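Protein chains: 2
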Amino acid sequence: MTDRPTLALEHFLPYRLTRLTDAISRDFSQAYRARLGLTRPEWRTLATIGQFGMMTATEIGAHSSMHKTKVSRAVAALETRRWLVRTPDPQDRRVERLTLSKTGQKAYEDMVPVAHGFETKLLARMKPKERAALLEGLAALERAVLTD
Amino acid sequence: MTDRPTLALEHFLPYRLTRLTDAISRDFSQAYRARLGLTRPEWRTLATIGQFGMMTATEIGAHSSMHKTKVSRAVAALETRRWLVRTPDPQDRRVERLTLSKTGQKAYEDMVPVAHGFETKLLARMKPKERAALLEGLAALERAVLTD
DNA sequence: TCGCCATGGTTACGATTGCAACCAATTCCT
DNA sequence: AGGAATTGGTTGCAATCGTAACCATGGCGA
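Residue numbers (numbering that gives the first Met the number 0), protein chains in the order written: chain A, 0 to 147; chain B, 0 to 147.
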C-alpha cells in the first residue's frame with residue numbers, strides 16, 4: 000500500500016504561524032490604527048524610538064526587523080505628523096538622529112498601555128501552563144530560527 | 000518615581016510572532032519558489048486541493064485562510080500552468096469544481112516531502128522538550144485566537 | 001591625497017494586496 | 001411567480017511592499 004503523500008496544512012508549522020500572526024496582528028493593528036491612524040511600520044518606528052530614545056534610521060530597522068525603505072517612509076510619515084524630529088548628526092552628515100517630539104512622546108505613552116493591555120488580554124485566555132509553554136516554545140524557536 | 004511607560008518590543012508577542020513568521024515563511028517560500036516558481040497563494044492553493052481533492056474556490060479560501068481575491072488569482076495562475084482544471088458544477092452553475100491535473104498532482108507529490116523536510120529540519124534544531132512546549136503553546140494560542 | 005569601496009538614506013518601479021464594486025446564478029420571502 | 005437579498009467568483013483601483021538603482025558622505029589603502 001503506497002499511499003499518496005499528503006500534507007495536512009492545518010498542522011504545518013509555517014502555515015499555523017502565518018495564520019496566527021495574521022489574525023493577531025490584524026486585531027492589534029485595529030486597536031491603534033483606529034485610535035491613532037498609524038500604519039504598521041509607523042507604529043513600529045514609534046515603538047522603537049519610544050523604547051530607546053534617540054536612534055538612527057538604520058538602528059530602527061535593525062531593532063524592529065524592518066527593511067530600510069519601510070523605515071524611511073515611516074519616518075517621513077511620522078515627521079509630517081510632527082511626532083518625530085530629525086536632527087543632522089554633526090559627526091557624520093549622512094546620519095539623521097531621530098527623536099520623538101513632545102506630541103510623539105505623548106502618543107507613545109498613550110500607546111504603551113494599549114499594547115500591554117492587548118497582550119495581557121490575549122494571554123489571559125490561556126491557562127497558565129499553556130502560557131508558559133507558549134513562551135518557552137517561542138523563545139526556543141527564536142533561538143533556532145533567528146540566530147546563526 | 001513615576002517611570003515613563005515603556006514597551007519592550009522584543010518581548011511583545013505580536014512583534015515576536017510576525018518576526019518569526021516572516022523569517023520562517025521567507026525561508027520556506029524560497030524552498031519552493033526557486034524549485035517550482037510558485038507564489039505563496041499559489042502554493043497554498045496547490046496544497047489545499049492536493050490535500051482534499053476536489054474543492055471550490057470558496058472552500059479553498061476557508062481552509063487556507065485566504066481572501067477570495069487571492070484564491071481567484073492563484074487559481075487562474077495554476078490553471079494557466081495547467082496544474083489545475085475547472086469543471087462547472089452541474090447543480091449550481093456559479094460554482095467551479097477545482098481539481099489538480101496529472102501534472103499538478105505530480106507537483107504536489109513532489110512538494111510534500113520538501114515541506115515535511117523543511118518542518119522536520121526546523122524542529123530538529125530544538126530540544127524535544129522545547130518542541131513539545133512550542134506545539135502545546137501554539138495549539139493553545141490557536142484556541143484562544145481563532146475561535147469564538 | 002586620490003581613488004575605491006562601504007554606509008546612511010531616499011526614490012523609481014514593478015509586483016502583490018485588500019477593498020469595493022461588479023456580474024451571474026441561486027435562494028428566500030410573500 | 002417574481003422581486004430582494006445572498007452567494008460564488010472576477011476585476012478595477014489605490015495603497016503597500018521589496019528590489020534595485022541611486023545620491024551623498026565617509027573610511028581606507030596605496
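Where a beta carbon is used, it is the ideal one built from N, C-alpha and C, also for glycine. All of these numbers come straight from a predicted model, not from anything done at the bench.
Setting aside the 5 residues that flank it on each side, residue 24 (chain A) is surrounded in the same chain by 39, each with a C-beta closer than 8 Å to its C-beta; the list follows chain order. Ranking A:104, A:93 and A:110 by CA distance to the CA of residue 57 (chain A) puts A:93 first. In this chain, the alpha helix (DSSP H) harbouring residue 118 (chain B) covers 101 to 122. Interface residue (Cβ-Cβ distance to chain B less than 9 Å): residue 53 (chain A) is not classified as such. The residue from B:116, B:134, B:71 and B:14 with its alpha-carbon nearest to that of residue 10 (chain A) is B:134. Residue 54 (chain B) is bridged by DSSP to B:97. Contact note: residue 114 (chain B) reaches chain A through 6 and 11, using a C-beta cutoff of 7 Å and chain order. Separation of residue 16 (chain A) and residue 51 (chain A) (C-alpha to C-alpha, rounded to the nearest whole angstrom) is 29 Å. Around residue 124 (chain B), the beta-carbon contacts reaching into chain A at under 7 Å are 143.
Taking one beta carbon from each stretch, the region 96 to 116 of chain A and the region 101 to 113 of chain B have fewer than 3 pairs nearer than 8 Å; the two do not touch. When Cβ-Cβ separations below 9 Å define contact, residue 21 (chain A) makes contact with chain B. Short of 6 Å from the beta carbon of residue 47 (chain A), and not among the five residues preceding or following it, lie these beta carbons of its own chain, in chain order: 59, 62 and 63. At a Cβ-Cβ threshold of 9 Å, residue 99 (chain A) and residue 83 (chain A) count as neighbours.
For residue 4 (chain A), no alpha helix (DSSP H) segment is defined, and its DSSP state is neither H nor E. In the DSSP annotation of this structure, the continuous segment of the beta strand (DSSP E) that includes residue 87 (chain A) starts and ends at 83 to 87. Residues of the same chain with a CB within less than 6 Å of the CB of residue 86 (chain B), apart from the 5 flanking positions on each side, are 96 in chain order.
Counting every other CB atom within 10 Å of its CB across the protein chains shown gives residue 13 (chain B) a total of 16 or more, marking it as buried. Scanning the region 13 to 59 of chain A for uninterrupted alpha helix (DSSP H) segments of 4 residues or longer gives 39 to 51, listed from N- to C-terminal end.
Between residue 110 (chain A) and residue 45 (chain A), the beta carbon gap of about 7 Å places them in contact (Cβ cut-off 8 Å). In terms of CA proximity to residue 120 (chain B), B:26 leads the group B:137, B:20, B:21 and B:26.
Less than 9 Å separates the beta-carbon of residue 4 (chain B) from that of residue 112 (chain A). At a cut-off of 9 Å between beta carbons, residue 121 (chain B) contacts chain A. Residue 111 (chain B) reaches chain A at 4, 5 and 6, counting residues in chain order whose Cβ is nearer than 8 Å. One finds nothing in chain B with a Cβ atom closer than 7 Å to the Cβ of residue 36 (chain A); even the nearest lies about 19 Å away. For residue 80 (chain B), no alpha helix (DSSP H) segment is defined, and its DSSP state is neither H nor E.
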